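Count along the sequence shown from 1, then add 38; that gives the number in our numbering.
For glycine and all other residues, C-beta sits at the position ideal for the given N, C-alpha and C.
All figures in this text were calculated on a predicted structure; none of them were measured in a lab.
Working notes, beginning with the structure itself.
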Amino acid sequence: MRRSRIKNCGDNDRYEQCDSPSDDPDYLETMPEPPEGVSSSGTQVSALTSSLKDMMKLDPKGGVPKGGQRVMVEVAPGKTKPTGGSSGKKTIRPSMTSNLDLNRELSKCKEEERTRLDLSKWNVTLLPPSLKELTQLTELYLYSNRLATLPPEIGYLTGLTMLSLSENVITSLPDSLANLQNLQVLDIRHNRLTEIPSVVYKLTSLTTLYLRFNRIREVGTDIGRLTKLTNLSIRENNISSLPPTIGKLSRLATFDMSYNQLEHLPAEIGNFKMLISLHLQHNKLVDLPESIGQLTNLNRLGLRYNRLVSSSIPRSLANCIQVTEFSGAMTHITLSRNQFTSFPAGGPAQFINTQTLNMEHNLCDRIPYGIFSRANHMTKLNMKENQLTSLPIDIGTWTTMVELNLGTNQISKLPDDIASLVSLEVLILSNNSLRKLPSSIGQLQKLRLLELEENKLESVPNEIGRLRELQKLLLQSNNLTQLPRAIGQLSQLSYLSVGENHLTFLPEEIGSLENLECLYINDNTHLQALPFELALCSKLEIMSIDGCPLTQIPSEIVQGGPSLVIQFLKMQGPYRDDVKIIF
């Protein structure tokens, strides 16, 4: 959809059209010329059109304004303006580190008896055999190089406790790595491993193992040998299952298996008695083992983006009293993008301290009566993209609610008791089946955002004019034939979207919207005219009139775009004396 930017220049209003494709950060601003040869009805309109053309000094042949008016190009912040040809500086990639430089650094490290060597970002592709002479090393950092493997000589560095290999192209590790029996931290993130190298399972002193962002498809049964591990991250791989032997890692404090393909967890996961944080989001989990209730030290459990349903959440999870997602102490709950058909078992007590609840993108068809009867601190509820058909009759008790997102459901009626949500600032009801709004909506006087697009609304109550704090009102894609005159009372409104309706006119009170910046009236196929008062919206920057016939405005004016239409309304209406045009 084409949008036009109307640019205001203080007291001297200069209106310029901007065709800005959504995928192009740059936009051109110029005053287009009305097409030639289009006649207008009536001598007065013809004279007015001629007057506009003279004032604008448009070239009748070309579309480039006379008098040297330039086309302005504005480039989005952080973007470089496109230029023709190949001029400009070329990006020079850093050169490969020479063997001489590398050997010199290794020699220096040996001479100075340094215990820490950092060769990160040296563009190293191969480590020299002289590496074996650095037996004093305890820490070796090799991240962000081009290593595909390590030389066998790495096995001589038996004093190493820390080895960082992240951001290379490693596909394998040498068997000699098994000699590093003092190694405690091994970081192999962001490489090209398709499996956990068998030698890793021999590093029995490891306390921290990072394998994130590789191509690992399975975890070997020998993982159980790493009994000293406290931190294990295998996130962002392609693992579909875990071996039962993983239960031997009883010292784990953090375990991150997010962004994999897990469907089930082994029951042995219950052996992680010291586990504090368990990340399982973005998998394909359909259930959780009953043994998860044994993780009594757990205080963080990530379950978003799985395939869990309410019945697959074991009651034993209630034993994990520190888990914020399932305990009475929770303040923020996120259970979005699963397959919950109902709220978690636990009743109102589970929401005593809850401030925000996000159950977006599930399969819930109702919000149980009284479920929030003890939620005296809840301010945000997101039930977007579920299967709700109605709202509970006790919705009026949600008096602390500040943001309520019920978009993309099947709600057909909004209860009158919505008026009791006096703290509400954001109400999203887009993409539902609403045919009308209760007049009581006018009592939500703190409302700043009201989204109602893609419903079946046939009218908007006059009481909407009471929403004096409203800044954005979205009514796109409904069945509206008119807007209430009270809309002019929305003194803080900056964004109004009423496109894709059946409007036949806009109320003249729209001119009272002194803070209006964006107006979308596109695709109202019965809209023949615009009120002169629209020209009084001095802060208007973007207006869309595409798909509106506007037959009562000369066609050459309409084809010139919203900027020219605003000029026309100013000059034809009673506000002509206020018009100052500078070119």
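With C-beta atoms as the reference, is residue i less than 8 Å away from residue j?
{"i": "residue 395", "j": "residue 416", "result": "yes"}
{"i": "residue 490", "j": "residue 468", "result": "yes"}
{"i": "residue 607", "j": "residue 568", "result": "yes"}
{"i": "residue 169", "j": "residue 185", "result": "no"}
{"i": "residue 547", "j": "residue 526", "result": "yes"}
{"i": "residue 215", "j": "residue 244", "result": "no"}
{"i": "residue 442", "j": "residue 462", "result": "yes"}
{"i": "residue 472", "j": "residue 495", "result": "yes"}
{"i": "residue 305", "j": "residue 268", "result": "no"}
{"i": "residue 487", "j": "residue 510", "result": "yes"}
{"i": "residue 408", "j": "residue 382", "result": "no"}
{"i": "residue 183", "j": "residue 162", "result": "yes"}
{"i": "residue 261", "j": "residue 283", "result": "yes"}
{"i": "residue 335", "j": "residue 307", "result": "no"}
{"i": "residue 498", "j": "residue 521", "result": "yes"}
{"i": "residue 157", "j": "residue 180", "result": "yes"}
Which residues in the same chain have their Cβ closer than 8 Å to the Cβ of residue i, if we skip the five residues on either side of it in sequence?
{"i": "residue 300", "result": "277, 278, 279, 280, 318, 321, 322, 323"}
{"i": "residue 611", "result": "570, 571, 573"}
{"i": "residue 209", "result": "186, 187, 229, 230, 231, 232"}
Using the beta-carbon count (16 or more within 10 Å), is residue i buried or exposed?
{"i": "residue 167", "result": "exposed"}
{"i": "residue 137", "result": "exposed"}
{"i": "residue 123", "result": "Confidence in residue 123 is poor, its pLDDT being 39 and thus under 50, which makes the residue's placement unreliable; the coordinate value appears in the next sentence. Answer is exposed; the Cβ neighbour count stays below 16."}
{"i": "residue 151", "result": "exposed"}
{"i": "residue 431", "result": "exposed"}
{"i": "residue 422", "result": "buried"}
{"i": "residue 370", "result": "exposed"}
{"i": "residue 332", "result": "buried"}
{"i": "residue 219", "result": "exposed"}
{"i": "residue 232", "result": "exposed"}
{"i": "residue 414", "result": "exposed"}
{"i": "residue 149", "result": "exposed"}
{"i": "residue 392", "result": "buried"}
Apart from the five residues on each side of it in sequence, which residues of its chain come closer than 6 Å, Cβ to Cβ, to residue i?
{"i": "residue 372", "result": "342, 396"}
{"i": "residue 195", "result": "175"}
{"i": "residue 250", "result": "227, 271, 273, 274"}
{"i": "residue 602", "result": "595"}
{"i": "residue 447", "result": "424, 426, 470"}
{"i": "residue 344", "result": "321, 323, 376"}
{"i": "residue 191", "result": "167, 169, 170"}
{"i": "residue 325", "result": "350"}
{"i": "residue 513", "result": "490, 536"}
{"i": "residue 457", "result": "478, 481"}
{"i": "residue 398", "result": "374, 420, 422, 423"}
{"i": "residue 412", "result": "386, 390"}
I'd like to confirm the pairing. Which residues does DSSP put opposite residue i in its beta bridges?
{"i": "residue 370", "result": "394"}
{"i": "residue 662", "result": "Only positions 39 to 621 of the chain appear in this structure, which leaves residue 662 out of reach."}
{"i": "residue 25", "result": "The structure shown does not extend to residue 25, since the chain spans only 39 to 621, so no value can be given for it."}
{"i": "residue 178", "result": "155, 201"}
{"i": "residue 418", "result": "394, 441"}
{"i": "residue 269", "result": "246, 292"}
Is it the case that the CB of residue i approaches a heavy atom of the ligand SAM more closely than 7 Å?
{"i": "residue 257", "result": "This structure does not include the ligand SAM; it has no bound ligands of any sort."}
Suppose the cutoff is 7 Å on Cβ atoms and the five residues either side in sequence are ignored; what does the same chain contact list for residue i look like?
{"i": "residue 263", "result": "239, 242"}
{"i": "residue 234", "result": "249, 254, 257, 258"}
{"i": "residue 401", "result": "377, 378, 379, 424, 425"}
{"i": "residue 438", "result": "414, 415, 416, 417, 461"}
{"i": "residue 147", "result": "155, 172"}
Counting only beta-carbon atoms, is residue i nearer than 8 Å to chain C?
{"i": "residue 377", "result": "No chain C is present in this structure, which holds just one protein chain."}
Original post:
What beta strand (DSSP E) runs, 3 residues minimum, are completely inside the region 200-262?
Top reply: 200-202, 223-225, 246-248
Subject >> Entirely enclosed beta strand (DSSP E) segments - the region 475-540, minimum 3 residues >> reply: 487-489, 510-512, 533-535
Original post:
Where are the beta strand (DSSP E) runs, 3 residues long or more, that stay fully inside the region 561-606, in chain order?
Top reply: 580-582
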